[in-house]
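Residue numbers (the working numbering): 7 to 311.
I have placed the structure first, in the form of structure tokens, so that the comments after it can refer back to it.
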């Protein structure tokens, strides 16, 4: 199970920021795997469902500081094998907690008729991993590893936002940089040791009269090769969405979810036969959420099947 709590905050000498989202947002997303999980380490730079909130659209405030608290607790059965940093593993369990401040600057002038924003997120993580490392003879050796520190930094040099009536539109290009600690042969790596380029297109509908709010984010992850392990993780597609009904007292109910799919197979000499050209598919996940007055907060909980 994983979660990520996001909230706007105040920062240093910057002005006091108005909340980007005036409600409490709680979500539960449940999904299951319909095919074997590819990608090196059995994970992606992007966490499915993480963008499915109204907090992700820019504001009219020049400077914004937000913080998130990502977390993950999960395990995989002994029958499933994962390539992790050059090791073939099974019976994997992991525990991750972290804090990730995000800094955003919105240019006062219009660009292509829209609002321009620059964003950078700097994650600080603590990771514990237990696994059975599979040897040449097929036998597994129980191993544990822990590490804390800087993760892979995300930045978006270009985000454009347009608004017309109740409709808002967003286009951005994000980049995950391999800044996190990574060593071949270690289970607990805070980075992935490869770049990911992440174009995103967003849509939001907000009708204050009826209280109906809805948004959707469509994105792609284009991954480079991990040169340390010669492993090429496949490219990915995702669609995050939220529908919310707001009431006059400020509270609301709705649902959130996502669709996630790996669209190309893994490659490179580091991808074993079991993972090369293997696609990872996530079926749609949908769950209810409730909201209330207060500062912006998004806390999706994700159960991975």
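Ideal placement from N, C-alpha and C gives every residue a C-beta, glycine not left out.
Bear in mind that the values here come from a model prediction, so they are computed numbers and not experimental data.
Beyond the five residues adjoining it in sequence on each side, residue 182 comes within less than 6 Å, by CB distance, of 51, 158, 160 and 202 in the same chain, given in chain order.
Taking C-alpha positions only, residue 127 is separated from residue 109 by approximately 6 Å.
A distance below 6 Å between beta-carbons, with the five flanking residues on each side excluded, links residue 123 to the following residues of its chain, in chain order: 64, 110, 112 and 165. At a Cβ-Cβ threshold of 9 Å, residue 135 and residue 100 count as neighbours.
The count of Cβ pairs closer than 8 Å, one atom from the segment 259-270 and one from the segment 229-243, reaches three, so the stretches are in contact.
Here the alpha carbon of residue 172 sits roughly 43 Å from the alpha carbon of residue 195. Put simply, the backbone Cα of residue 95 is about 11 Å away from that of residue 192. By the C-beta density criterion, residue 141 is exposed, having fewer than 16 other C-beta atoms within 10 angstroms. Residue pairing of residue 68 in beta bridges, as defined by DSSP: absent, with no partner found. Sequence-distant Cβ neighbours of residue 274 in its own chain, meaning closer than 6 Å and more than five residues away, are 231, 236, 237 and 238. Counting every other CB atom within 10 Å of its CB across the protein chains shown gives residue 206 a total of 16 or more, marking it as buried. Spatial neighbours of residue 224 in its own chain (CB-CB distance under 6 Å, excluding positions within 5 residues in sequence) are listed in chain order as 207 and 245. Taking C-beta separations shorter than 6 Å and ignoring five residues to either side along the sequence, the partners of residue 277 in its chain run 237, following chain order. Judged by beta-carbon spacing, residue 89 lies beyond the 9 Å limit of residue 119, meaning their Cβ atoms are not closer than that value. With a cutoff of 9 Å on beta-carbon distance, residue 209 and residue 221 are scored as near each other. Unbroken beta strand (DSSP E) stretches of 3 residues or longer found wholly inside the segment 188-258: 202-213, 218-229 and 242-252, given in chain order. Inter-residue distance for residue 198 and residue 98 is about 17 Å (C-alpha atoms, whole angstroms). Judged by DSSP in its simplified three-state form, residue 47 adopts helix.
Boundaries of the beta strand (DSSP E) harbouring residue 153: 146-156, taken from the DSSP string. If you draw a straight line from the Cα of residue 188 to the Cα of residue 170, it is about 45 Å long. The beta carbon of residue 250 sits closer than 6 Å to the beta carbons of 219, 258 and 260 from its chain, once the five residues preceding and following it are set aside; these are given in chain order.
Here residue 81 is exposed: its Cβ has fewer than 16 other Cβ atoms, across all protein chains shown, within 10 Å. If you draw a straight line from the Cα of residue 116 to the Cα of residue 86, it is about 51 Å long. Close CB contacts of residue 212 within its chain, under the 6 Å cut and outside five residues either way in sequence, are with 172 and 219 (chain order). In this chain, the beta strand (DSSP E) harbouring residue 166 covers 160-170. For residue 68 and residue 114, the gap between their C-alpha atoms comes out near 7 Å. When secondary structure is reduced to three states using DSSP, residue 104 falls in the strand class. In the three-state DSSP reduction, residue 137 falls in the strand class (E or B). By the beta-carbon neighbour count (other beta carbons within 10 angstroms, threshold 16), residue 137 is buried. With contacts defined as CB atoms closer than 9 Å, residue 74 and residue 106 qualify as a contacting pair.
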